[in-house]
Structure formats: structure tokens, C-alpha cells
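There are 2 protein chains.
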Amino acid sequence: MSELSLKGERSKEASYILMNATTTQKNDALIKMGEKLIEHKNNILNENKKDLENAILKGTSKAMLDRLSLDEKRLEDMADGLRQIVKLADPIGEVTSMWKRPNGLQIGKQKVPMGVIGIIYEARPNVTCDAAGLCLKAGNTVILRGGSEAINSNVAIVKALCEGIKESGLPEASLQLVEDTSREVANEMMRLNEYIDVLIPRGGAGLIQAVVKNATVPVIETGVGNCHVYVDAGADLEMAKNIVINAKTSRPAVCNAEEKLLVNKNVAEEFLPTIISALREKGVEVRGDEEVLNIVKDVNEASGEDWGKEYLDFIISIKVVANVDEAISHINKYGTGHSEAIITKSYDNSQKFLQRVDAAAVYVNASTRFTDGCEFGFGAEIGISTQKLHARGPMGLNELTTTKYIIYGNGQVR
Amino acid sequence: MSELSLKGERSKEASYILMNATTTQKNDALIKMGEKLIEHKNNILNENKKDLENAILKGTSKAMLDRLSLDEKRLEDMADGLRQIVKLADPIGEVTSMWKRPNGLQIGKQKVPMGVIGIIYEARPNVTCDAAGLCLKAGNTVILRGGSEAINSNVAIVKALCEGIKESGLPEASLQLVEDTSREVANEMMRLNEYIDVLIPRGGAGLIQAVVKNATVPVIETGVGNCHVYVDAGADLEMAKNIVINAKTSRPAVCNAEEKLLVNKNVAEEFLPTIISALREKGVEVRGDEEVLNIVKDVNEASGEDWGKEYLDFIISIKVVANVDEAISHINKYGTGHSEAIITKSYDNSQKFLQRVDAAAVYVNASTRFTDGCEFGFGAEIGISTQKLHARGPMGLNELTTTKYIIYGNGQVR
């Protein structure tokens, strides 16, 4: 039996205990996990230093180094994150509906944990702590497979967290880290159907596609966002400008950032020069289709490839469209089903856009940047699903559960 | 572009129209589909005859021939099935919750169609009609890939149904059949992520495993059931006998049939001779563990492999267990997460069993045979999910939907 299979077996066994843990037990574990993180801060920061040194040797970019690095403040934030999870309502056990059949059978639909969740992710060590906390609160054991860049930090963090879990009396195997960060072991994990109930990849498009292609374990695809903002004829152009600037520039590297701007031809002449100069002031490279170029001469032409691309950078492509229908078709053709927005004053067009755009989150007169578990009011999130199966959009604790039918009879046969 | 890709593209395009069809339009299509089935009955029955002749030449079993064969009565039943779907409530458009955030954003969670559903299935031509009707009612276009045994029947049925869809004014591409029944095309379909949103296999364990192993499109795994009935100490043994006989013998070839019987050691001496002779009277081959053999001498010994097997036949394996805990561990180890039952008079043991058994449907004092969309009151079913992602247990119209967040703002930025 491979080391990963052993981990899987232990996780499955532990899941039968964790599934039936009370909210009080789980909250107690979360608090102790936070305490241990602080107690072991010296070890964690030392191990993090090793990861940083290795990363510097490899010539890692400054932005990546920042994502990788921990300090006392960040550890405090992680512990605080766990305390926030304590405050969230426990979804487990809720019977969302119960009905009686003509034969007297009483059938209830109950929220129960998934069992064993696998998470494959990159870089940021705070994901290790967030994911561990959320999975535990929803009654799931978790097997984490982080990237090699953060392996020393992750080992230290998981060791501390497991100490907390153990002290609370819940099974230590509720949380396990895959220490072998080779691609072979990641592939093995994607096919560990015997033990893993659900796999959630978190990271760049490359990682997510690799998981989708190779996994036989059911996957929740997360995070790729080629998000559009469509500015309708007659829109409040001041509002449109604020929203486009916010959606594009407030945090361009995240999946809910705007990547494309569609402008109705009736407002193109008025809106394009303003928005393009405002975007450029923020350091955004602007690309455009032919009609954009006709209005603002010094814009680079967008290539065919641009329309399907998630830049995650200070780049935007702009297209002029004839009407809301063209905007909707374009979005349904090139979008990734993440977040799409219309800026409009038209009731009809707002309804059409809401109904016809096929995406996880569809906005009227607001920034796409709100697609986020905290902004939606879920308290925390494990990722943003861009598939249609199981969960779509920001996933909180509820999305880490499945259901079970509980049936009370008194001798019924069919 | 391959023929399947073309079908996929057409299905995707049609899905954007069908997604927004009204309930009235969809019901109209369902009624017309039923009418066309009857109108074209001669052609359908002729084509079915070809399939039957081919099957006879291949030496197909009588049971299989029966599943394959159509007659006027069966066609009437299929049309009636479509009329039943008309009566079901349309899940699409329901906003299951809507809330307001502190910044004034109003966020609603709305049920919407999946888009394009792929179904890979075997033999029975009535599945063609059921699946087409259910997918359409839930606003999804569907690509069906049936088995080669029923290809002539399926072509004729789909032709009739499409005529009905066309007459109702909905896109004809709402329903398409893959006429090339080769394995290559099935494999291509499993990887058609560009166009297919969800894949549902329906058939034997071999088919389902092939889809799970090969698909990159999100899959809902259905139907494999290694179901247990556990007879507790102090159970009403008359009730236990009725339930075991019903669960095992009323229809042994279906997935909710009992495959294993677990008997508490305190009732084994009293219960085993009775139940074994009752099972044998019904023509069931009984296998047992050592303790069973000690009580009823002429039983065949169950091998290690028996405990994980879905017989789908007049065979049962019986094991004596020390208590409810051992029954639960055995079920969680060998079960397929389908349907599990306890027969008991003990409040504590009933609660323990309901809470700790990890399966789609957990019964107290009732037959496992009730795990079925109609028996649960869903009106119809597209299959029984044995995975934890998205849907678990019988899947009705609701399970053929996904959600979309619709967000009303007035200029919010983050």
C-alpha cells in the first residue's frame, strides 16, 4: 500500500468519527488549532524562512515571494480566521425537508458531511489553514496537497494544527498533508476514488485543467474567470466608469476581476475615450476591436485569442457591440461562467441579461469583484466553482456538505 | 469538426434557447412528443423488430430480449410517461433565497438549467423517451448515446420525439441521438467538455466504471447498489422476514434490491433457519459466513469477495454480527453508498444506524426497494446517484438543475 493510500485509509476511518462530531467538539478543535498556530509560531516562521530562501534561489518573483511569506501578523490572521469559522453556523444535521408518503414512510433529506475531501493547491500557506478549518467545521476530513514552494511552511502549520485537533479529542487524521510534492503522487491522489469523495483544486488555470483531465475522483472545478462588464446604451457612464475601474484594477490577479469590456455602439464614442484614459492612468494596457480603434486611434488591436483569455494582469480588451443580445452571445461564447455584469438603466435589458447570461454570478450595476464567499455573506469560502455540478459560485460551508435520505418506516414493503 | 462535436455545438446553441423557454412551451413540446410517438408507432415497432432479430441472432437472453422489445402498450406507456412529466412542477426560475448585503447589494440564488446533458445508457428503449422528457422539462438539451442493441428503435423514437419538439416551436436540437455506437465515439463524448455540462451514465457497473474512469466532463455516478438489511437483537422477526424477502426477491435485478443480510448474534439461532428456508422457497441461493454455517449446516460458505459484490440475481450472502456497531462498520466498508436498512425496536440503535451509515438512503424498518424517484414522491427519476457530489439518491427534475446568483446593485464597487 502506498503512503498516499495509507493516508487515504486513515482519512476515511477518521471521517466516520468526524461525521458524527458535535458542533461543540468541532468548535473546540478550531479554537485549539488557532492556539497551537501561535504557540508554534517560531517553528512555523523558521520553516517559512527556508521556503523563502529556496524561492529566492530559484529567482521567484517579488509578488510570489510576498504570497509565500509569513510573519507574526499573518499567523495571527490565520488563527483569527479559524476563530471566525467557529462563529459560522454548522450546516451538518439540518433536515431541509421531511415528508410523509401515502404508505406511511416518513422521508427526510438531511445535510451530512461529504466524508474525505482532497485539496490540491499552490503557493499560499494560509490556504492550508483556511481549508483545514472549513473542512473540519463541515465534518469532513481533509487531505491537503500543497505546492513544493511552501512545503516546509505547510509541514509546520499542519503539525501545529494537528496538535490542536488531537488535544480536542477529535481524530488526528482529520487533517493530513501529502509531503511528497511530486507530480506522480498528485496524479495518484486524483485517482484515489476508494478513499477521497471530492477533489477541489485551487490555483492557476494549468493546475485546474490538469486535475480536470486526470482525476477520476469527482472534482469541483474552481476559479478561472474571464469576466465581462457590458455598458449598455443609455447607461449612467459615471457609474460605468467607477465599476469598470474597480472591476479591472482593484485586484487584477484574482478570478473575479474584469478581463473584458463590452460597450454598446450608441455610447461608444462618448464612453471609450474617457474609460480608456482612466484605465491607462491606472497602468492598464488597453486592447480593442476594430471599432474601438476607429474611435481611439492609439489602442492595440485585440487578436482573436484575446477574447477567451484570462489575463490576471493589468490588461483589458474592449469590444463594441450592437446591443444587449450581441453582448450576451459574446459572453456565452467566450466567458468561463464566472461573473458577468451589465451597466444599464433599462429594465428590459437588465432582465434579459440576468436571465440569458450563463454564469455563476450575474450582476446588474455592480462590480464583478463581489463574487466572493465573504462578500456574499457566507463568512468564508473554500473556492469559487465555475462548474454546474454540485455548487456554482462562491462555496462556503454548505457547499462542503452532501445529503442523506433518512427514512422512518414501520414494516413497509414494496 | 467531428460529427459528435457538431452535435455538441448544436446542442449548446439550442440550450441557450431552451434555458429560457416557458413552462407552457416545454409542456406543449412534451405533449406533442407523446402524440408523435403514437403517430409513428408503426415505424417504431418495425425498427424495434430489426433490433430484436439482430439480438436473437446474437443469442441474447430472454430477459434482455424482453427489456429490448416494444409493443403498442409499451409505446402508450412511454407517451403516458411524457404526459406525467407535464404534470410535474417546473423547478426552473425558482429563487430559493434572496438576501440583502450591508452595501445594499441584493443577492438571489436561482434554479437554472444545467445546459447540455449527455446520457450514456444501455438497452431499454424507454430510457430514450424518459430521459428526453425529463431533460427537456428541466430546460436542458440532451445528447443521448444508447447501446447498439437498440439503435434502430432509438433512431425511430428520437425522430418521432424531435418532430414533436419542432412542432412546438422549441429547437429541434434540444434532443439528439448519437447514431454511431462505437466505443471511440462514446469516449469522445466523455471528453466533450466544451459542449457537455454533465454526463449521466445509466446501466451496469461496467458501463458506469468506464465513464467514471474516462470522462473529463463532470459525471453523476449512478446505480450500483450492494444494499444491506441488518436485523437487530430484539427485532420483530416477522417484520424482518417480510422486509428481507421483499428487498431480496421482489425484483433482484435492480440496484435497490438487497444483496446482503446481517443478523445480530442474539437472534441468529431463531431467525436464520426461518429466513434461509423462506429465501430458498423463493429460489434464492444462500451463502453465509462461518457462524451462519454453524447454525444452518447446508449453506455454502461466502468467500471474501462476496461481501463487496452486487449480484443483481437470486443470491444472498448472510453474516452474523455482534452488534449494531459491527453492522455499521461492515456496511461502511463494503457498501456502495446506495440503500441500507435496519430492522429494530431499539430507539438508540435506530438513531445510531441513521446517523452513522454513510449511504444515499438509510432506512429503519422498511425495505431498501423504496429508493426510487416515484416511491420518494418525485414523480419520475433520471437515475439514482451513488456519489456525494451534486445529488445523492433518486434524482428527479430538481437534480437536473444548477443555480445562478442574480445580483441587483446600484453602482456598488468593492
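As you go down the protein sequences, you meet chains A and B in turn. When you read off a place in the first sequence, starting at 1, and then add 8, the result is the number in our numbering. When you read off a place in the second sequence, starting at 1, and then add 8, the result is the number in our numbering. Ideal Cβ placement from N, Cα and C applies to all residues, glycine included.
Closer than 8 angstroms to chain B by CB, residue i
{"i": "A:Ala369", "result": "yes"}
{"i": "A:Val372", "result": "yes"}
{"i": "A:Asn148", "result": "no"}
{"i": "A:Val220", "result": "yes"}
{"i": "A:Met122", "result": "yes"}
{"i": "A:Thr410", "result": "yes"}
{"i": "A:Asp366", "result": "yes"}
{"i": "A:Phe279", "result": "no"}
{"i": "A:Ser258", "result": "yes"}
is_contact[residue i, chain A] using C-beta, thresh 8 angstroms
{"i": "B:Trp107", "result": "yes"}
{"i": "B:Arg18", "result": "no"}
{"i": "B:Leu178", "result": "no"}
{"i": "B:Asn418", "result": "yes"}
{"i": "B:Met247", "result": "yes"}
{"i": "B:Leu113", "result": "yes"}
{"i": "B:Tyr24", "result": "yes"}
{"i": "B:Arg377", "result": "yes"}
Supposed close pair residue i, residue j - CB separation, criterion 8 angstroms
{"i": "A:Cys263", "j": "A:Gly231", "result": "5 angstroms"}
{"i": "A:Ile125", "j": "A:Asp205", "result": "7 angstroms"}
{"i": "A:Glu278", "j": "A:Ile324", "result": "About 18 angstroms; that fails the 8 angstroms criterion."}
{"i": "B:Ile6", "j": "B:Arg364", "result": "Past the boundaries of the shown model lies residue 6 of chain B; chain B is included only from 9 to 422, so the question cannot be answered."}
{"i": "A:Glu351", "j": "A:Gly116", "result": "Glu is not the amino acid found at residue 351 of chain A; the sequence shown has Ile there. That belief does not hold up - the Cβ atoms of A:Ile351 and A:Gly116 are roughly 45 angstroms apart, past 8 angstroms."}
{"i": "A:Lys360", "j": "A:Val332", "result": "6 angstroms"}
{"i": "B:Pro133", "j": "B:Ile173", "result": "That belief does not hold up - the Cβ atoms of B:Pro133 and B:Ile173 are roughly 18 angstroms apart, past 8 angstroms."}
{"i": "B:Ala146", "j": "B:Leu408", "result": "4 angstroms"}
{"i": "A:Tyr416", "j": "A:Gln114", "result": "4 angstroms"}
{"i": "B:Glu130", "j": "B:Leu270", "result": "With a Cβ gap of about 31 angstroms, B:Glu130 and B:Leu270 do not count as contacting."}
{"i": "A:Pro179", "j": "A:Ala22", "result": "4 angstroms"}
Listed by chain order, chain B residues near residue i by CB distance under 8 angstroms
{"i": "A:Leu362", "result": "Ile414"}
{"i": "A:Met86", "result": "Those do not exist, as A:Met86 stays about 23 angstroms from chain B at its closest Cβ, beyond 8 angstroms."}
{"i": "A:Thr30", "result": "Under the 8 angstroms cutoff, chain B gives no residues; its nearest Cβ is about 11 angstroms from A:Thr30."}
{"i": "A:Asn254", "result": "Val421 and Arg422"}
Residues bridged to residue i (per DSSP)
{"i": "B:Ala399", "result": "Paired residue(s): none; B:Ala399 is not in a bridge."}
{"i": "A:Trp315", "result": "A:Trp315 pairs with nothing; no bridge assigned."}
{"i": "B:Lys256", "result": "BP columns for B:Lys256 are empty, so no partner."}
{"i": "B:Arg153", "result": "B:Ile128"}
{"i": "A:Arg295", "result": "A:Asn308 and A:Ser325"}
{"i": "B:His236", "result": "B:Lys268 and B:Glu348"}
{"i": "A:Ala374", "result": "B:Gln420"}
{"i": "A:Met106", "result": "A:Gly116"}
{"i": "A:Thr410", "result": "A:Val120"}
{"i": "B:Val227", "result": "B:Leu207"}
{"i": "A:Ile415", "result": "A:Ile115 and B:Tyr371"}
{"i": "B:Gln33", "result": "Answer is none; B:Gln33 lacks a bridge partner."}
{"i": "B:Leu142", "result": "Bridge partners of B:Leu142: none, in fact."}
{"i": "A:Leu185", "result": "A:Leu152"}
{"i": "B:Gly7", "result": "Residue 7 of chain B falls outside the range modelled here, since chain B spans only 9 to 422, and no answer is possible."}
Buried or exposed by the 16-neighbour rule on C-beta atoms within 10 Å, applied to residue i
{"i": "B:Lys44", "result": "buried"}
{"i": "B:Leu14", "result": "exposed"}
{"i": "B:Arg191", "result": "exposed"}
{"i": "B:Asn50", "result": "exposed"}
{"i": "B:Pro281", "result": "exposed"}
{"i": "A:Met247", "result": "buried"}
{"i": "B:Asp74", "result": "exposed"}
{"i": "B:Leu65", "result": "exposed"}
{"i": "A:Lys424", "result": "The structure shown does not extend to residue 424 of chain A, since chain A is modelled only from 9 through 422, so no value can be given for it."}
{"i": "B:Thr376", "result": "buried"}
{"i": "B:Ala103", "result": "Note that residue 103 of chain B is Val in the sequence shown, not Ala. So B:Val103 ends up on the exposed side."}
{"i": "B:Cys137", "result": "buried"}
{"i": "B:Met9", "result": "exposed"}
{"i": "B:Met106", "result": "exposed"}
Contact list for residue i against chain B, beta-carbon separation under 9 angstroms
{"i": "A:Asp240", "result": "None at all; the shortest Cβ gap to chain B is about 14 angstroms."}
{"i": "A:Ile7", "result": "Outside the shown range of chain A, which is 9 to 422, sits residue 7 of chain A, and nothing can be said about it."}
{"i": "A:Ile251", "result": "Gly417, Gly419, Gln420 and Val421"}
Chain-ordered chain B contacts of residue i [CB-CB under 7 angstroms]
{"i": "A:Asp205", "result": "Lys396"}
Within chain A, partners of residue i - CB distance below 8 angstroms
{"i": "B:Thr224", "result": "Val220 and Lys221"}
- Message: Counting only Cβ-Cβ distances shorter than 9 angstroms, please list the residues of the region 382–406 of chain A near chain C, keeping chain order.
- Response: Among the chains of the structure shown, chain C does not appear; the protein chains present are A and B.
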